[in-house]
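Position one of the sequence shown corresponds to residue 119 (the numbering used here), numbered consecutively onward.
Just so it is clear, CB atoms sit at the ideal spot from N, CA and C, and this is done for glycine as well.
Quantities reported herein were computed from a predicted structural model and do not represent experimental measurements.
Structure record follows, encoded as structure tokens.
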Amino acid sequence: MAERHPVDPHATAGLPDSGDPKTSHRRNIPILMLLQGDTVGKKFLLNKRQLNIGRSPDSDLVLTDSEVSRKHSAIVYENCDQPEEMPRCFVHDLNSKNGTLVNGKRVVSMPLKDRDIITIGQAVLGFYLKDEVEIKFDAQLFSMATVDSLTGLYNKYYFQRTYQREYQRATRGNTPLTLFFIDVDEFKKINDTFGHVSGDAVLRKIGEILMHNMREYDVCGRYGGEEFTVALPSTTLEAAEIVAERLRRMIEETEFVFREQIIPTTVSIGLASTEDSAIHSPEDLIHAADQALYRAKQQGRNRVEAAKAPLM
């Protein structure tokens, strides 16, 4: 699985090292930022001549909104091979059904300037010209706002925001979404016996295990304290139970070592799925997974429990 920091890789990938910004040339780079839509805040660096936008899976920027045509619009970076020049970019509508709007007006083809607003279906995109130092700084700010600094996973706020989006997507597409709650067993005892710094090392290691063993499109977060959560799109409860058991066993068999001390570590996992007919909201799914986790704790810890009965 790819590294799970929620920093958009397009935001900084391929940027030259500008060195000292006071003495080095800082070229302007065109970027698109999603201001309204499924992945608000996501940035798209324009580093090739044409970026295609549409509902088609092979688009460079895929928008799943039903109001978006399969091949809807294109952003053309006319002089992308001449970095010393100010970027010349145009938006072209590709005969879409519902049209492309720039600053509220429907267009066929139009040059873009800094801070133009592009509307495609329900998605709203901002067009900006920024230098590489500004882009890297923006990426750092985004990371600070969305990433848990200890584990490298999403923080609770950003996880909840992303989870809500995945729940809505699952509901619209009538596909299953399964949610894990993972809790470190007897974490207070770990802190009391080995020290809080050792406890942090345990949480950091579990974060690494989640990063490298979940799928790229699974949503992993630190929910708070010693509790983690994972949303698995397009995953049935039956399939998720296999994944959860594999994770539980992997953590149990991992040697957690800090300052030459081995720290025995296990986790309990509760999971629930939108397949349950009693699930009617994102909050229901969270509650069901949390209750399943509680049962795993009550029944001896270091186990997986699934919410299969209707909510009370």
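Less than 8 Å between the CB atoms is what I'm expecting for residue i and residue j, so what's the real figure, rounded?
i    : j    : result
V320 : V302 : 7 Å
A114 : V422 : Not covered by the structure: residue 114. The range shown for the chain is 119 to 430.
A396 : A410 : No, A396 and A410 are not in contact; Cβ-Cβ is about 13 Å, not under 8 Å.
R340 : T269 : 5 Å
M332 : V348 : 6 Å
T445 : L350 : With the chain running from 119 to 430 in the structure shown, residue 445 is simply not present.
L271 : G325 : 5 Å
L243 : L169 : Between L169 and L243 the Cβ distance is about 11 Å, and since that is not below 8 Å, they are no contact.
If I measure Cβ to Cβ from residue i and keep anything under 8 Å in the same chain, skipping five residues before and after, which residues do I get?
i    : result
D232 : F245, Y246, L247
S227 : F208, V209, H210, D211
Q417 : E423
Y335 : P351
Given residue i, which residues of its chain have a CB within under 7 Å of its CB, disregarding the five upstream and five downstream residues?
i    : result
M204 : N146
S214 : S187, H190, S191
E373 : I380
S386 : D301, D303, L411, A414, K415, R419, N420, R421
T392 : A288, P294, L295, L403
T384 : D303, I369, E370, R419, N420
V194 : R167, Q168, C207, F208, H210
Roughly how many angstroms separate the alpha carbons of residue i and residue j, rounded to a whole number?
i    : j    : result
Y285 : P294 : 9 Å
L150 : L389 : 37 Å
R279 : C198 : 35 Å
G239 : G217 : 8 Å
D394 : M368 : 28 Å
L133 : D234 : Low per-residue confidence applies at L133: pLDDT is 43, beneath 50, and the placement is therefore not dependable enough to give any value.
P382 : E304 : 10 Å
E401 : G342 : 17 Å
T289 : F376 : 44 Å
N273 : S267 : 8 Å
K160 : V180 : 12 Å
N292 : E371 : 37 Å
L365 : R283 : 25 Å
P175 : S184 : 13 Å
I327 : Y281 : 20 Å
K166 : E202 : 15 Å
Y275 : C338 : 12 Å
D249 : A406 : 47 Å
G172 : D178 : 8 Å
Q154 : T237 : 9 Å
A241 : G313 : 48 Å
R182 : L163 : In the sequence under discussion, the amino acid at residue 182 is Thr, which differs from the Arg named in the question. Going by the C-alpha atoms only, they are around 20 Å apart.
Going by the DSSP bridge assignment, what does residue i pair with across the sheet?
i    : result
K391 : The question names Lys, but residue 391 in the sequence shown is Ser. Paired residues: T296.
C198 : In DSSP, C198 forms no bridge with anything.
V361 : According to DSSP, which records beta bridges pairwise, V361 is partnered with nothing at all.
H210 : A192, S227
T354 : DSSP, once it has assigned bridges, lists no residue as partnering T354.
L152 : L243
R340 : F346
N146 : D249
T237 : L219, V242
Considering only residues of the same chain and omitting the five flanking positions on each side of residue i, which have a CB-CB separation below 6 Å?
i    : result
P345 : Here the sequence assigns Glu to residue 345, which means Pro is not the residue at that position. Closer than 6 Å at the Cβ level, and outside the excluded window around E345, lie D301.
G317 : I308, N309
S399 : none
D408 : F299
E196 : R206
P229 : F208
F277 : G339
Answer yes or no: does any C-beta atom of chain D fall closer than 8 Å to that of residue i?
i    : result
G317 : The structure shown contains no chain D; it is built from a single protein chain.
Handout entry: Validate contact between the segment 304-313 and the segment 354-369 using beta carbons, cut 8 Å, 3 pairs
Key = no
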